[in-house]
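First comes the structure, then the notes that go with it.
In this note's numbering, the protein residues as written are 386 to 887.
Below, the structure is given as structure tokens:
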């Protein structure tokens with residue numbers, strides 16, 4: 386029974402040579418795609434083709450040699466004595482990276498389609514404050530990836546403890562409290578009930594590209610196009626055609642959104658053990674992350690009226706990371722019902738609030754300010770309309786009227802939804818009109834609090850507050866000065882708390 390797994394320097398899986406080779410070739414093709422397209426359309430001569438093929442063969446051989454050398458010099462191991470993970474790599478310049486266990490922020494494995502075909506995984510180690518992954522092992526066997534994941538999660542909190550093969554197996558089998566898999570039907574519900582704006586944007590980008598290409602051809606067929614436009618049907622037929630176009634666009638945006646949801650969250654699986662919550666998901670790139678409660682900085686729950694009716698909630702968990710690269714430290718878990726959200730919450734936050742609970746709302750001056758801002762485009766359009774012949778004053782008046790009514794209603798609802806709640810252990814922020822969002826973070830994990838007071842807030846005794854955490858900033862504007870005693874309480878809670886915040 387080996388009590389020091391990965392203590393000896395070892396290489397990636399041998400199939401890693403092929404993976405490195407294919408990755409480098411793909412990157413080269415991406416870099417020279419314009420030249421490749423040029424030769425495809427111009428039809429090079431036979432002699433030119435011979436030189437191209439010879440060049441490709443030479444480049445392929447050089448890349449293969451590079452891949453082999455890179456594989457040979459890529460070594461990793463765990464130094465239990467110095468309590469660190471060590472990586473050695475480099476073809477021309479040798480690089481040694483040593484990460485102490487106490488600096489490891491997150492470890493996870495992921496698998497692209499190519500890696501799944503080759504039956505290997507990527508193993509990633511991130512440290513707090515890093516802008517990118519500190520260590521990435523691209524071709525490690527699935528069994529070794531799981532073992533390494535279990536070891537690093539364990540030694541992160543128990544530096545001097547030795548991990549055995551038997552212990553890893555026992556922990557993974559006996560400590561599972563519950564497991565949840567996202568079904569095909571749930572994925573479909575998520576796709577149908579999700580915001581379609583992204584799908585519309587992707588579609589707009591696609592059609593704009595086609596339009597730009599078509600402009601170059603339009604001059605040649607301008608007469609044909611003009612004849613077609615002259616045959617456009619009357620007003621009623623135009624309305625039906627417009628409705629049909631709207632329906633097709635909406636249907637396409639739904640299909641794009643559903644496809645994106647399936648690619649991102651296919652085979653999503655949650656597994657809670659005694660010490661961690663494991664999240665696995667993804668079709669194109671399968672990612673497996675293990676979450677420890679101490680790493681969680683922000684906990685967000687999002688739903689909309691349709692998803693709430695379907696009992697679907699999305700959980701977003703923010704981990705400590707670089708201020709300049711917070712997006713990669715956010716983990717999205719969609720398709721959870723209310724019971725599962727409560728399970729995840731109770732695991733990540735064992736100390737639930739049992740004391741006081743005070744709710745704050747922003748002052749009405751915030752609503753007035755936002756109403757003024759949303760009216761600026763309407764007022765600005767008044768000075769533009771006289772110079773636009775395509776829009777009559779009546780049509781402009783109708784459009785501005787609709788915009789004003791919708792904007793005012795939206796801002797009023799948004800203002801009413803804004804709530805800041807302080808309890809003995811947590812701070813909550815609630816907001817949202819369509820997408821109802823609740824953010825939660827523990828007081829002792831707050832890194833700093835910024836307080837500002839613009840000149841126009843002084844007479845009303847109002848403040849702008851920003852809570853800074855390792856997982857991101859949470860602002861709340863136009864709150865009363867009565868909130869200051871609670872900020873003092875937060876500082877006391879932070880200073881008197883000895884728990885680890887990451």
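Glycine residues also receive a C-beta, built at the ideal position from the N, C-alpha and C atoms.
A straight line joining the alpha-carbon of residue 734 with that of residue 805 spans about 19 Å. Within the same chain, 456 and 524 come within 6 Å of residue 401 by CB-CB distance, once the 5 residues on both sides are set aside. One thing to note: residue 800 has its Cβ within 9 Å of the Cβ of residue 749. It is roughly 30 Å from the alpha-carbon of residue 672 to the alpha-carbon of residue 417. Ranked by Cα distance from residue 569, the options 719, 508 and 638 are led by 719. Each residue's CA atom was taken as its position, placing residue 447 and residue 522 some 22 Å apart. The secondary-structure analysis by DSSP pairs residue 481 across a beta bridge with 473. Here residue 880 carries a helix assignment [DSSP, helix/strand/coil].
A straight-line Cα-Cα distance of about 7 Å links residue 853 and residue 859.
Within the same chain, Cβ atoms closer than 8 Å to the Cβ of residue 647 are found at 572, 576 and 668, the five residues on either side in sequence being excluded.
DSSP, read as helix, strand or coil, puts residue 667 in coil. CA-CA distance, residue 676 to residue 564, rounds to 14 Å. Looking at the DSSP output, residue 491 bridges to 511. Residue 390 and residue 490 do not touch by the CB rule: their CB atoms are close to 22 Å apart, not below 8 Å. According to the DSSP secondary-structure assignment, residue 858 is paired through a beta bridge with 853.
For residue 685, there is no enclosing alpha helix (DSSP H); the residue is found in the beta strand (DSSP E) stretching over 681 to 688. For residue 828, the closest of 851, 879 and 834 by C-alpha to C-alpha distance is 879.
If you look at residue 762, you'll find it in the alpha helix (DSSP H) that goes 749 to 769. By the C-beta density criterion, residue 866 is exposed, having fewer than 16 other C-beta atoms within 10 angstroms. Around the beta-carbon of residue 656, 16 or more other beta-carbon atoms lie within 10 Å, marking it buried. In this structure the region 758 to 776 does not touch the region 684 to 692; the number of beta carbon pairs closer than 8 Å is below three.
For the options 509, 502, 463 and 693, the alpha carbon positioned closest to that of residue 536 is the one of 463. When Cβ pairs closer than 8 Å are counted between the two stretches, the region 434 to 454 is seen to touch the region 394 to 412, the count reaching three or more. With respect to the 9 Å criterion, residue 476 and residue 451 are classified as neighbours on the basis of their beta carbons.
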